[in-house]
Amino acid sequence: MKVLTLILAAMLETVPAGPAWIRQLQPRDSILVADQIEYGFQLDSVPEGTSILLFDYREHATDSLPLLRNWQLDTTARLRVRRPGSRERVKQYNLRGSVVIAPFEEGTYRLPDIRVLRGADTLVFEGLDLDVKTLPVDTATFQLHDIKGQMRYPLTAKEVVPWVMLFWLAAGLVALAVCLVFIRRRRAGGVAVSRDPAYIVALRELDKWRGEKFWAADKQKAYYSGITDALKSYIADRFGVDAPEMTTAELFDALKGEKDLPADLREELRGVFECADFVKFAKHVASDEDNARALPTAVRFVTSTYQTVLEEEQKNPDEL
Numbered sequence: 001m002k003v004l005t006l007i008l009a010a011m012l013e014t015v016p017a018g019p020a021w022i023r024q025l026q027p028r029d030s031i032l033v034a035d036q037i038e039y040g041f042q043l044d045s046v047p048e049g050t051s052i053l054l055f056d057y058r059e060h061a062t063d064s065l066p067l068l069r070n071w072q073l074d075t076t077a078r079l080r081v082r083r084p085g086s087r088e089r090v091k092q093y094n095l096r097g098s099v100v101i102a103p104f105e106e107g108t109y110r111l112p113d114i115r116v117l118r119g120a121d122t123l124v125f126e127g128l129d130l131d132v133k134t135l136p137v138d139t140a141t142f143q144l145h146d147i148k149g150q151m152r153y154p155l156t157a158k159e160v161v162p163w164v165m166l167f168w169l170a171a172g173l174v175a176l177a178v179c180l181v182f183i184r185r186r187r188a189g190g191v192a193v194s195r196d197p198a199y200i201v202a203l204r205e206l207d208k209w210r211g212e213k214f215w216a217a218d219k220q221k222a223y224y225s226g227i228t229d230a231l232k233s234y235i236a237d238r239f240g241v242d243a244p245e246m247t248t249a250e251l252f253d254a255l256k257g258e259k260d261l262p263a264d265l266r267e268e269l270r271g272v273f274e275c276a277d278f279v280k281f282a283k284h285v286a287s288d289e290d291n292a293r294a295l296p297t298a299v300r301f302v303t304s305t306y307q308t309v310l311e312e313e314q315k316n317p318d319e320l
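The letter at position 111 of the sequence shown is residue 111 when you use my numbering, and the numbering goes up by one with no holes.
Here's what the structure looks like:
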């Protein structure tokens, strides 16, 4: 079926086509304020291919009777009718068109005629009266009441038991955590944890990087990172500077004022750090000479600087 629905605003010659119809979307014995009303027409035996043109209903909408939904065409039946004087059967359709409106004031409304252009004919469906009522309020007996509170039902064991079990489970976990903390603190307080001196830790870490196998191009980054990380941790403990968070330039600026660090050793160590920066960040491949010099320089730096600490401890034994 080819049914064309358009919205027009023109007026054509009219042909009476009977009354329109009204249907309440909320079925009851009367129409009340704010009820949704379907208002429309019925066309029967419309041949297939007939054009149906409808006029825009929005021009009839008002504040008290607004339009909720514009025209909608529905097919209510499909027919096959024999053409007069022929055995050929043609398709025909029963159509229903409607809009949805909603009155918001009490009173009687005269709904407009419905105009439908079908082919060359303009059909007019006579408008109907819409009687809208409101619920009467007996002011003589009307009495205001307070808002009722929320209804409460008695608790059941099925509701209470899970919460009780959850409470005891949580209490048990808290008690267990307190006991574990108490036991750990007692053990920590009873046994002193020995800590190796910083130079011992540094020399132990540096010793891990002995051997020419770390000089290979694919292992140089790990080699120089291991050496510089061990040195930075030692410098932080020995000289009290935040070496792990410093760049090479910042680190050696901080070491310039250290009297226990000879200038020539400091500059030699700077060379190791700068070479390490090139290897780690610039994909530089260090020479065998640089690789062979890096670890001995680091070891000499640690042994030279911790010797001064030992000498100071020997001079001041009472401070130990």
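Glycine is no exception: its CB is placed at the ideal position from the N, C-alpha and C atoms.
#1: Roughly how many angstroms separate the alpha carbons of Ala192 and Ala198, rounded to a whole number?
#2: From Leu265 to Thr228, what distance separates their C-alpha atoms?
#3: Leu203: which of Arg186, Lys213, Leu169 and Gly226 sits nearest, CA to CA?
#4: Using DSSP's beta-bridge definition, name the partner residues of Gly107.
#5: Closest to Thr305 by CA distance: which of Ile200, Val174 and Ala77 is it?
#6: What does the alpha-carbon distance come out to for the pair Cys275 and Gln220?
#7: What are the partner residues of Gly97, as DSSP defines its beta bridges?
#8: Between which two residues does the alpha helix (DSSP H) carrying Glu205 extend?
#9: For Gln150, which residues of its own chain have a beta-carbon under 8 Å away from its beta-carbon, when the five flanking residues on both sides are left out?
#10: Just to confirm the assignment, what range does the alpha helix (DSSP H) spanning Gly18 have?
#11: Straight-line CA distance for Gly172 to Leu166?
#12: Let me check understanding here. Comparing Cα to Cα, which of Arg238, Gly271, Asp74 and Asp237 lies closest to Ala249?
#13: Nearest CA to the CA of Pro296: which residue from Ala263, Leu269 and Ile101?
#14: Counting pairs of beta carbons, one from the stretch 99-113 and one from the stretch 54-70, are three or more of them closer than 8 Å?
Concretely, from the data shown:
#1: In the sequence shown, residue 192 corresponds to position 192, counting from 1. In the sequence shown, residue 198 corresponds to position 198, counting from 1. Its pLDDT being 48, under 50, Ala192 is placed unreliably by the model, and the measurement read from it follows with that caveat. Distance between the alpha carbons of Ala192 and Ala198 is about 18 Å.
#2: Translated into the one-based positions of the sequence shown, residue 265 becomes position 265. Translated into the one-based positions of the sequence shown, residue 228 becomes position 228. One C-alpha to the other measures close to 15 Å.
#3: As a first step, residue 203 is located in the sequence shown; it is residue number 203 there, counting from the start. Considering only alpha carbons, the answer is Gly226.
#4: In the sequence shown, the residue the question calls residue 107 occupies position 107. BP columns for Gly107 point to Val132.
#5: Here residue 305 corresponds to residue number 305 of the sequence shown, with the count starting at 1. The residue with the shortest Cα to Cα distance from Thr305 is Ile200.
#6: The count along the sequence shown starts at 1 and reaches residue 275 at position 275. The count along the sequence shown starts at 1 and reaches residue 220 at position 220. So the alpha carbons of these two residues sit roughly 11 Å apart.
#7: Counting from 1 along the sequence shown, the entry for residue 97 is found at position 97. Answer by DSSP bridge pairing, in chain order: Phe41 and Leu73.
#8: The count along the sequence shown starts at 1 and reaches residue 205 at position 205. It spans Ala198 to Asp207 - the alpha helix (DSSP H) in which Glu205 sits, taken as one unbroken run.
#9: Residue mapping note: residue 150 aligns to position 150 of the sequence shown, counting from 1. Answer for Gln150: no residue qualifies.
#10: Locating residue 18 in the sequence shown gives position 18, where the first residue counts as 1. The continuous stretches of alpha helix (DSSP H) do not include Gly18, which lies in the beta strand (DSSP E) extending over residues Val15 to Pro19.
#11: The residue given as residue 172 occupies position 172 in the sequence shown. The residue given as residue 166 occupies position 166 in the sequence shown. Their backbone Cα atoms lie some 10 Å apart in a straight line.
#12: Here residue 249 corresponds to residue number 249 of the sequence shown, with the count starting at 1. When each option's Cα is compared against that of Ala249, the closest is Gly271.
#13: Indexing the sequence shown from 1 puts residue 296 at position 296. Answer by Cα proximity: Leu269.
#14: yes
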